[in-house]
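S.K.: Quick note on numbering: the working numbering labels position 175 of the sequence shown as 178, and the sequence is numbered without any gaps. First, the structure itself, so that you have it in front of you.
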Amino acid sequence: MKFVGAWDVFMKAVTEKPNVLLGIYRGVSVAACSQVALLGTTWGVYNAVRYDGVYHGTPVLFLYCHGGALLGKILQYPFLSIRQQVRIRNQHTRGRPHTFRSYIVEVRRKHGITKIYDGFFASRPILNSIPAALLLVTYDLCSRHLTEQLHPELRKMHGEVNQPLYSRHAGPYAETLPTYEFKRG
Numbered sequence: 004m005k006f007v008g009a010w011d012v013f014m015k016a017v018t019e020k021p022n023v024l025l026g027i028y029r030g031v032s033v034a035a036c037s038q039v040a041l042l043g044t045t046w047g048v049y050n051a052v053r054y055d056g057v058y059h060g061t062p063v064l065f066l067y068c069h070g071g072a073l074l075g076k077i078l079q080y081p082f083l084s085i086r087q088q089v090r091i092r093n094q095h096t097r098g099r100p101h102t103f104r105s106y107i108v109e110v111r112r113k114h115g116i117t118k119i120y121d122g123f124f125a126s127r128p129i130l131n132s133i134p135a136a137l138l139l140v141t142y143d144l145c146s147r148h149l150t151e152q153l154h155p156e157l158r159k160m161h162g163e164v165n166q167p168l169y170s171r172h173a174g175p176y177a178e179t180l181p182t183y184e185f186k187r188g
């Protein structure tokens, strides 16, 4: 059998064995859900807490971003854990393979649903979420600096905040207004 190119290989595989196409996409939905949980949570927390009227400084922003990245890791871990366990079990199974659903039902019946988080802290999630937090802080600093360069009329000044850190009800105000952090000088 002679093939002309990659597309020819793909088309012959699909016409002779249609299950090949399903094999290509096996696990894509779980990987997509895993990434949506991680990135959606990380960026969602970042957008929710990065700015509430007054800029609190880069260290506080880093803590916010680190919290969002850590929460994303917490939500992503069950997907990764289940995928790894199903892969290991299917290596030693003849006949009918385990599925994600059958594994979850079995673990829940035997050990309880918290078994999915076994080994979570062994993966060092606090350290592994630092790069994502640094990336978000760098993104925030660069976007604010670029916005200031492109639109100097939007330059604002920040000052000492006389309100609680998580306050969103009262309007933000400042006692003193020092120069902006990216002031040219």
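Idealized CB from N, CA, C, for every residue including glycine. Here the structure is a predicted model, which is why all the values come from computation and not from measurement.
1) Is it buried or exposed, E163, if we count other Cβ atoms within 10 angstroms and call 16 or more buried?
2) I'd like the span of the alpha helix (DSSP H) that includes F103, first residue to last.
3) Helix, strand or coil for V39, going by three-state DSSP, please let me know.
4) Evaluate Y49 with the Cβ neighbour count: other Cβ atoms within 10 Å of its Cβ, from every protein chain shown; 16 or more gives buried, anything less gives exposed.
5) Which of the three DSSP states is assigned to T3 in this structure?
6) Taking the alpha helix (DSSP H) that K76 belongs to, which residues open and close that run?
7) For G192, does the three-state DSSP call read helix, strand or coil?
8) Identify the continuous alpha helix (DSSP H) that holds A135 and give its terminal residues.
9) How should K76 be labelled, buried or exposed, when 16 other C-beta atoms within 10 angstroms of its C-beta is the threshold for buried?
10) Can the beta-carbon of I107 be found closer than 8 Å to that of I85?
11) Considering only the alpha carbon of each residue, which of Y67, N93 and Q79 lies closest to G43?
12) So, are the CB atoms of C68 and A136 less than 8 Å apart?
13) For H161 and L66, what's the separation of their Cα atoms in angstroms?
M.R.: For this structure:
1) With a pLDDT of only 49 at E163, under the threshold of 50, the placement of this residue in the model should not be trusted; the figure read from the coordinates follows. E163 is exposed by the Cβ-count criterion.
2) F103 to K113
3) helix
4) Counting Cβ neighbours within 10 Å, Y49 comes out buried, since at least 16 surround it.
5) Not covered by the structure: residue 3. The range shown for the chain is 4 to 188.
6) T61 to Q94
7) Absent from the structure is residue 192, since the part of the chain shown begins at 4 and ends at 188.
8) I133 to L153
9) Burial call: buried.
10) Less than 8 Å separates the beta-carbon of I107 from that of I85.
11) Distances from the CA of G43 to each of Y67, N93 and Q79 were compared; the closest alpha carbon is that of Q79.
12) yes
13) Residue confidence for H161 is low, a pLDDT of 48 falling below 50, so the modelled location carries little weight; the figure read from the coordinates is stated next. Rounded to the nearest angstrom, the two C-alpha atoms are 19 Å apart.
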